[in-house]
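Following: one structure in structure tokens, then a few remarks.
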Amino acid sequence: MKKKDRRPEAYRRLTHPLVRDGHGSLVRASWDEALDRAAEGFARARAEHGPDAFGMFSCSRATNEMNYVAQKFTRVVMGTNNVDSCNRTCHAPSVAGLSAAFGSGGGTSSYEEVEHTDLIVMWGSNARFAHPIFFQHVLKGIHNGARLYAVDPRRTSTAEWAEHWLGLDVGTDIPLAHAIGREIIHAGLANHAFIRRATSGFEAYAEEVEPWTLSAAEQVTGVPAAAIRGLAHAYATAERAQLCWTLGITEHHNGTDNVRALINLALLTGHVGRYGSGLQPLRGQNNVQGGGDMGAIPNRLPGFQDLLDPGVREKFESAWSTVIRPRYGRNLTEMFEAMESRELRAVYCIGENPAQSEADSGQAMRRLSALDHLVVQDIFLTKTAELADVVLPATAAWCETDGTTTNSERRVQRVRKAVEPPGEAREDIDIICALAARLGHDWTFADAEQVWDELRSVSPEHYGMTYDRLAEHQGIQWPCPSLDRIEPSYLHGRLWEADPARRGPRAPFGIVRHDPPVDPTDEEYPIRLTTGRRLDSYNTGVQSGSLASPLRRGEMVELCPEDAARLGVVTGEEVRIASRRGAVVAPVWVDPGLRPGLAFMTMHFPDEVDTNSLTIEANCPIAGTAEFKASAIRVEKLTGGTAAGEQPTGDKLTGEQPTGDRIQSATATTAASTQPTAAAGRGE
Amino acid sequence: MTAVPLQPPRRLIEFTLDGEAVRVPEGATILDACRAAGKDVPTLCQGDTLTPKNACRVCVVEVEGARTLAPACSRRAEPGMAVRTDTERARHSRKVVLELLASSVDLSTTPRAEEWIKEYEAKPERFGAEAARMNEAPKVDNDRYVRDYDKCILCYKCVDACGEQWQNTFAIAVAGRGFDARIAAEQDAALPDSACVYCGNCIEVCPTGALSFKSEFDLRAAGEWDEERQAETTTVCAYCGVGCNLTLHVQDNEIVKVTSPHDNPVTHGNLCIKGRFGYQHVQNRD
Numbered sequence: 001m002k003k004k005d006r007r008p009e010a011y012r013r014l015t016h017p018l019v020r021d022g023h024g025s026l027v028r029a030s031w032d033e034a035l036d037r038a039a040e041g042f043a044r045a046r047a048e049h050g051p052d053a054f055g056m057f058s059c060s061r062a063t064n065e066m067n068y069v070a071q072k073f074t075r076v077v078m079g080t081n082n083v084d085s086c087n088r089t090c091h092a093p094s095v096a097g098l099s100a101a102f103g104s105g106g107g108t109s110s111y112e113e114v115e116h117t118d119l120i121v122m123w124g125s126n127a128r129f130a131h132p133i134f135f136q137h138v139l140k141g142i143h144n145g146a147r148l149y150a151v152d153p154r155r156t157s158t159a160e161w162a163e164h165w166l167g168l169d170v171g172t173d174i175p176l177a178h179a180i181g182r183e184i185i186h187a188g189l190a191n192h193a194f195i196r197r198a199t200s201g202f203e204a205y206a207e208e209v210e211p212w213t214l215s216a217a218e219q220v221t222g223v224p225a226a227a228i229r230g231l232a233h234a235y236a237t238a239e240r241a242q243l244c245w246t247l248g249i250t251e252h253h254n255g256t257d258n259v260r261a262l263i264n265l266a267l268l269t270g271h272v273g274r275y276g277s278g279l280q281p282l283r284g285q286n287n288v289q290g291g292g293d294m295g296a297i298p299n300r301l302p303g304f305q306d307l308l309d310p311g312v313r314e315k316f317e318s319a320w321s322t323v324i325r326p327r328y329g330r331n332l333t334e335m336f337e338a339m340e341s342r343e344l345r346a347v348y349c350i351g352e353n354p355a356q357s358e359a360d361s362g363q364a365m366r367r368l369s370a371l372d373h374l375v376v377q378d379i380f381l382t383k384t385a386e387l388a389d390v391v392l393p394a395t396a397a398w399c400e401t402d403g404t405t406t407n408s409e410r411r412v413q414r415v416r417k418a419v420e421p422p423g424e425a426r427e428d429i430d431i432i433c434a435l436a437a438r439l440g441h442d443w444t445f446a447d448a449e450q451v452w453d454e455l456r457s458v459s460p461e462h463y464g465m466t467y468d469r470l471a472e473h474q475g476i477q478w479p480c481p482s483l484d485r486i487e488p489s490y491l492h493g494r495l496w497e498a499d500p501a502r503r504g505p506r507a508p509f510g511i512v513r514h515d516p517p518v519d520p521t522d523e524e525y526p527i528r529l530t531t532g533r534r535l536d537s538y539n540t541g542v543q544s545g546s547l548a549s550p551l552r553r554g555e556m557v558e559l560c561p562e563d564a565a566r567l568g569v570v571t572g573e574e575v576r577i578a579s580r581r582g583a584v585v586a587p588v589w590v591d592p593g594l595r596p597g598l599a600f601m602t603m604h605f606p607d608e609v610d611t612n613s614l615t616i617e618a619n620c621p622i623a624g625t626a627e628f629k630a631s632a633i634r635v636e637k638l639t640g641g642t643a644a645g646e647q648p649t650g651d652k653l654t655g656e657q658p659t660g661d662r663i664q665s666a667t668a669t670t671a672a673s674t675q676p677t678a679a680a681g682r683g684e
Numbered sequence: 001m002t003a004v005p006l007q008p009p010r011r012l013i014e015f016t017l018d019g020e021a022v023r024v025p026e027g028a029t030i031l032d033a034c035r036a037a038g039k040d041v042p043t044l045c046q047g048d049t050l051t052p053k054n055a056c057r058v059c060v061v062e063v064e065g066a067r068t069l070a071p072a073c074s075r076r077a078e079p080g081m082a083v084r085t086d087t088e089r090a091r092h093s094r095k096v097v098l099e100l101l102a103s104s105v106d107l108s109t110t111p112r113a114e115e116w117i118k119e120y121e122a123k124p125e126r127f128g129a130e131a132a133r134m135n136e137a138p139k140v141d142n143d144r145y146v147r148d149y150d151k152c153i154l155c156y157k158c159v160d161a162c163g164e165q166w167q168n169t170f171a172i173a174v175a176g177r178g179f180d181a182r183i184a185a186e187q188d189a190a191l192p193d194s195a196c197v198y199c200g201n202c203i204e205v206c207p208t209g210a211l212s213f214k215s216e217f218d219l220r221a222a223g224e225w226d227e228e229r230q231a232e233t234t235t236v237c238a239y240c241g242v243g244c245n246l247t248l249h250v251q252d253n254e255i256v257k258v259t260s261p262h263d264n265p266v267t268h269g270n271l272c273i274k275g276r277f278g279y280q281h282v283q284n285r286d
């Protein structure tokens, strides 16, 4: 058996630019040469194929200031709205769902309110591992007397703190939410005064949820009717309640619908717009909230202002002396599709690693390789950077630059330079401006604060946040339109106003339907694979890989004791895991928190086990987020000698037969090769 | 029905501190009032993010009419009370506490211990060399933490930080009773065999350096730890979206320690393993 070396694997910092030479290798270059090559490729793509042949992948890890400049580069220098970031792979459905309901894409509450609420529902969120310090606020709440309900297919370390755990089947969130809504209505617990005054579409909603009786929901979700009823009554009768969710809700092909289904419950009970009552999507990256707020998304200008609003456009056009195209750009998912169709020719990828973070990573690599021109700006030579024509070494935003980031509770906080960057690495904004200059736009920002002040001048929600005030208050939550006032810690208090004019637009119920996962389990792929994070690791492991963690055990496929016994495998034993898209080899970990038919993996060690070669690129049509949370897999026991020799990265279904012995009783004869990529059909 | 009543605004309480009238919010301790009035009362087991266990008794003050000295860190201010911080009796008590602690454990990395010993004219050496219970090599059983029992004063702060006051992991407890009482990971387990999740929140509150980051321990052992050469810069963590504030302690362009501001609304001084230790990636410089 291959013994995994658990010492830190070190991605080394990039210290000088690289360009691809005539022989196809990346070689060291001067900054001038690299910037010339980068700019020239962008100019060529635009000249030959138009502005929409360019796409910007902005960075959810970088500062607000960098995201502001990156989207400005995209819109002003390149003339397109094709700018997006990896929020697409996580919380875009939360933003889409919340803004559809309330006109604003941020979480409605603050961490502190969780300490002073009566009921906390953690839905599809293992915050104990993925957001540990948020969970400390939850624990304070529990110690103060709040009840915690956990809704998750896995009995996670978060669920261990819950009064009740509702272990639903993967992808049945809407039936569960609808059954809760129906029960609240039928029990006479709906807040009709709130519904009448502040919402719209209640009748259609009541009709939509009517078929979801407790027993119907029990059959589909696997959650006992009494437990569903218990949550419904607890939520509806609590004075204050917090509904929190993470990627268990959003990383589905219908993630936005899932989010709407949860928001409906808040509208039904009036658990929004009050201190201690609200909706909290827990964001996965230090600045994924800020990236969107800064306009590094294809449909919004800075300050989350709608691109299609002529007044908004006019303001930015005069501020930037430019013309903004009055149509939404492509989101990350659509940009990847446009690579396939060759409509997208040049990509400027800043601080992202889509080659490993996208669902169906084999397909993502192929599409990136097909680009005419790929410029990657990063602190490491990631797998994505290895595909690039030009690699630009950047600074680590969080400790080598000044600026701000925005957290899950909409708090804009100062990021400060603490260490000097290595070698020739340059700040992101500096690099983008150098490229802009080569493409005819001379922008000079003396420092990050000057960028921020420009943003403040065009974004009313940020206007009151000067750097001085941000330091004084240890961060300020948006909206902050005034220089001498701090707004309440929760959003949408307007919904409770007596005066209809001040109450503003009604919050519509989302009329959404159950739609099971795209990748069905069947006899050949009988196990549902879901993915998530562990405590000591992070995303594709580029950052966390060099943390020497005593907790780390590498990538393992977690199975419940029953499935492990049925397969005849034990903890530590390597098995082959195959989906309709790829196969990997990984050791087993037996976790009694899982149930028969449910397996769990992470994407933290893609260089050892490329979990995303298994996942399906079935995308939410509204937000573009892929269904990372629900793949169908088969787990195969390996016979003695094969484990050591086999590459633990995916043999990408190039037609070769799997090597392992199948012990699954079902039809294992036709190899996975008969199933092309995403056979079950994508949302396109 | 609410189970969690929201707090009404707090009233102000007036009392006399060293002969002068002071006003503090209801619920404040005598120590809060002392600090607000600029009085320097020594503390060890008290931490600004924790409810203290009153274990060390170094902060005692005299409350008029009370039979015994009161720990300023825990005694709440009451209307009309008269408190004296600098009486002979209070000073003598602090002196003895410092003597008992300094004679039995190593206070060399306890901030201000030396200054207090001088101020209160404590003479720990009068108990003789046998008073010391120092004979243990620091425990280094993992890559992140070092536990140096020679420096432990049994203040319980780490127990509380790991327990229900913050982390709720309950890896740290007091094992043994009486003279045999000592802080332990569960029943004296090695850290990697315990429930420890390496958040470092125990180290953040340890007042004596009994718990330390291995990065600091190694630099000290090599004689290279130099706080004069360190800059502290507060920034935001690069991992999840919670937005924890990190204070990076940087020496010679290397991050040597990570803490968090104790008054920060996001963290209250607490971090997880990623925020606390996940910085190495930026320093993998060639």
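Quick mapping for you: the protein sequence lines, in order, are chains X and G.
Residue numbering for the first sequence follows full-length UniProt numbering, starting at 1 and increasing by one per position.
Residue numbering for the second sequence follows full-length UniProt numbering, starting at 1 and increasing by one per position.
Built from N, CA and C at the ideal position, the CB exists for glycine as well.
Proximity of residue i and residue j at Cβ, strictly below 7 Å
i, j, result
"X:PHE54", "X:ALA346", "yes"
"G:GLU64", "G:ALA82", "yes"
"X:CYS399", "X:ALA418", "yes"
"X:THR256", "X:PRO93", "yes"
"X:ILE133", "G:CYS244", "yes"
"X:GLY464", "X:SER482", "yes"
"X:ILE87", "X:SER109", "Going by the sequence as given, residue 87 of chain X is Asn instead of Ile. Their beta carbons are not under 7 Å apart, which means X:ASN87 does not touch X:SER109 by this criterion."
"X:ASP428", "X:ALA62", "yes"
"X:ASN126", "X:GLY329", "no"
"X:ALA226", "X:SER215", "no"
Any chain G beta carbon closer than 7 Å to residue i
i, result
"X:TRP398", "yes"
"X:GLU420", "yes"
"X:LEU14", "no"
"X:ARG426", "no"
"X:PRO211", "no"
"X:ALA10", "yes"
For residue i, the nearest candidate out of the options (CA to CA)
i, options, result
"G:SER74", "G:GLN46, G:THR85, G:ALA82 and G:TYR145", "G:GLN46"
"X:SER549", "G:PRO192, G:GLU20, G:THR259 and G:TRP225", "G:PRO192"
"X:VAL557", "X:GLY97, X:GLU65 and X:LYS637", "X:LYS637"
"X:LEU551", "G:VAL242, G:GLU254 and G:TYR198", "G:TYR198"
"X:VAL114", "X:ALA241, X:ARG456 and X:VAL512", "X:ALA241"
"G:SER103", "G:GLU125, G:GLY178, G:ARG91 and G:GLU114", "G:GLU125"
Interface flag, residue i vs chain X, CB-CB below 7 Å
i, result
"G:GLN272", "One detail in the question is off: residue 272 of chain G reads as Cys in this sequence, not Gln. Closer than 7 Å: yes."
"G:LEU248", "yes"
"G:GLN230", "no"
Buried or exposed (CB count within 10 angstroms, at least 16 for buried), residue i
i, result
"X:ASP169", "buried"
"X:ARG576", "buried"
"X:VAL570", "exposed"
"X:LYS383", "buried"
"G:LYS123", "exposed"
"X:GLN605", "Here residue 605 of chain X is Phe; the residue named in the question, Gln, does not match the sequence. X:PHE605 is buried by the Cβ-count criterion."
Close Cβ partners of residue i (< 6 Å) along its chain, the five nearest in sequence each way excluded
i, result
"G:LEU101", "ILE153"
"X:GLY270", "ASN191 and PHE194"
"G:HIS268", "THR49"
"G:ASP148", "PRO138 and ALA210"
Spatial neighbours of residue i in its chain, beta-carbon cut-off 7 Å, leaving aside the 5 residues before and after
i, result
"X:ARG20", "LEU26 and ASP389"
"X:PRO51", "MET78, GLY79 and THR80"
"G:ILE273", "VAL197, TYR198 and CYS199"
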